Amino acid sequence: MKSNDKVDVREIRRKLGLNQSQFWSKIGVTQSGGSRYESGRSIPRPVQALLKLVHVEQIDISKIRKDDFEVLEYLRATQPDVLKTLKKEAKASRKKG
């Protein structure tokens with residue numbers, strides 16, 4: 347979801363079966379603000395990024411902490427093989443549970 351992509355956020359919301367308040371409040375946008383975006387108003391990049399994380403990647407952003415992100419970036423930069431292994435193990439664990 348890049349800034350130049352034309353994304354129909356209304357369609358995403360409807361496919362998820364959420365009303366405007368439910369959909370937009372998950373990323374800190376009011377229902378009226380979300381309504382304006384759904385009507386064609388330009389969506390700022392930070393809001394686009396949050397939309398992707400929350401509604402496309404299905405990440406609960408309320409559980410993300412700065413130190414979690416810092417650890418991820420450290421692993422990505424210094425131990426990419428370990429990170430790859432951990433991702434595979436986490437994915438397998440989700441499938442089992």
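Using our numbering, read the sequence shown as starting at 347 and increasing by one per residue.
All residues carry an ideal CB built from backbone N, CA and C; glycine is no exception.
Here the structure is a predicted model, which is why all the values come from computation and not from measurement.
Task: Sequence-distant residues of its chain with Cβ nearer than 7 Å to Val-400 (five each side left out) - done: Once the five neighbours on either side are set aside, the close Cβ partners of Val-400 are Lys-372, Ile-373, Ile-407.
Open item on the list: What would DSSP say about Val-353, mapped onto helix, strand or coil?
Closed with: coil
TODO: Rounded to whole angstroms, what's the CA-CA distance from Gln-425 to Ala-436? Just pull it up for me.
DONE: Roughly 17 Å between the two C-alpha positions.
Open item on the list: For a quick check, are the C-beta atoms of Val-375 and Val-393 less than 8 Å apart?
Closed with: yes
Task: Contact check, Glu-384 vs Val-355, beta carbons under 8 Å - done: A contact, by the Cβ cut-off of 8 Å.
Task: Test item: CB-CB of Ser-388 and Gln-377 under 8 Å - done: no
Task: Coil, strand or helix - Pro-392 by DSSP - done: The answer is helix: DSSP assigns Pro-392 an H, G or I state.
Open item on the list: At the level of alpha carbons, what is the spacing between Leu-397 and Arg-359?
Closed with: Cα to Cα, Leu-397 sits roughly 10 Å from Arg-359.
TODO: Could you check the C-alpha separation between Leu-432 and Arg-411 for me, to the nearest Å?
DONE: 18 Å
Task: Thr-376 - DSSP class collapsed to helix/strand/coil - done: coil
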